[in-house]
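**Q** Shown below is the structure under consideration.
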Amino acid sequence: MMFKWKISGGIAKTLVFDAVIRENHSNKAIATRHPIERGAKPTDHVQPELPIYTVDAFVTDSPITETIPEPNSGVKGQAQPVDGGGQAILFDGLVTRVADVYQEIITLMNSATVIEIETGLRNYENCVITSVDAPRDSTSGSGLTMSIEVQQNYFVDTEEVQAPVPKEPRGKSKKNSGQKAAEEKAASAKDAQKANTQRISMLEAIGQSLGIGG
């Protein structure tokens with residue numbers, strides 16, 4: 059299992075742990091608790107959550123490999139034969155691999171660096187580290203077991219579109235609804251008064267033609 063990411067300038071970096079003790083691939087979906095109408099698409103009522111990958115990884119200051127490049131210090135080590143037919147890892151300087159790897163993981167998390175993860179089951183892209191636990195006790199020695207939680211994110215593209223022209227210019231004040239109702243009521247009263255005046259004039263004209271009135 060390894061982590062991959064890029065730093066400024068597009069330079070690729072890789073971090074490989076000495077051993078993977080345990081890993082967990084978590085995928086969940088949230089389903090609505092409300093009744094679903096028959097014939098409706100299930101995808102409208104079930105939303106998948108973001109995948110979560112958790113790994114318990116082990117690192118040590120003396121990994122059993124032929125060549126061990128240190129992530130930050132530049133210290134290297136090689137397997138060399140020793141008396142008695144065995145082999146030992148000889149380093150060309152002070153070894154701080156455990157501290158360097160731990161600090162690298164913390165930096166990746168705090169800077170929200172997007173990483174890729176390769177595992178034996180599946181690969182993850184566009185991931186960020188969300189949690190790091192590194193318990194130590196009297197039996198830890200020069201090794202460190204870290205529990206790392208990673209969340210995979212989905213990136214989308216946005217598109218700019220032309221906004222529709224509003225029917226009324228923006229910022230133009232609208233008439234108060236109460237004022238508008240009062241104006242309509244006044245206009246209606248004015249029309250009624252005009253009609254009543256015309257009716258009286260017609261009655262007077264009829265009365266004069268019949269010799270009624272003065």
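Residue numbers for the sequence shown follow my numbering, so the first one is 59 and each next one is one higher. Built from N, CA and C at the ideal position, the CB exists for glycine as well.
#1: Using a Cβ-Cβ cut-off of 8 Å (strictly less than) and excluding sequence neighbours within five positions of ILE79, which residues of its own chain qualify?
#2: So, is LEU108 buried or exposed, given that buried needs 16 or more other C-beta atoms within 10 angstroms?
#3: Out of GLN251, LYS64, THR90, ASP195, which one is the CA nearest neighbour of GLN105?
#4: Within the same chain, show all residues whose beta-carbon is closer than 7 Å to that of THR255, passing over the 5 residues directly before and after it, in chain order.
#5: Considering only the alpha carbon of each residue, which of GLY67, LYS71, ILE110 lies closest to ALA87?
#6: Buried or exposed for THR197, going by 16 or more other Cβ atoms inside 10 Å?
#7: Please classify LEU179: is it buried, with 16 or more other beta-carbons within 10 angstroms of its beta-carbon, or exposed?
#8: Does GLN209 come out as helix, strand or coil in the three-state DSSP assignment?
#9: Using alpha carbons as the reference points, say which of SER205, LEU166, ASP195, LYS225 lies closest to ASN82.
#10: Taking PHE61 as the reference, which of THR101, GLU174, HIS92, LEU166 has the closest Cα?
#11: Whole-angstrom Cβ separation of GLN161 and THR188, contact assumed at under 8 Å?
**A** Taking the structure as given:
#1: ASP114, ALA115, PHE116, THR203
#2: exposed
#3: THR90
#4: none
#5: ILE110
#6: exposed
#7: exposed
#8: strand
#9: SER205
#10: GLU174
#11: Not a contact, Cβ separation roughly 18 Å.
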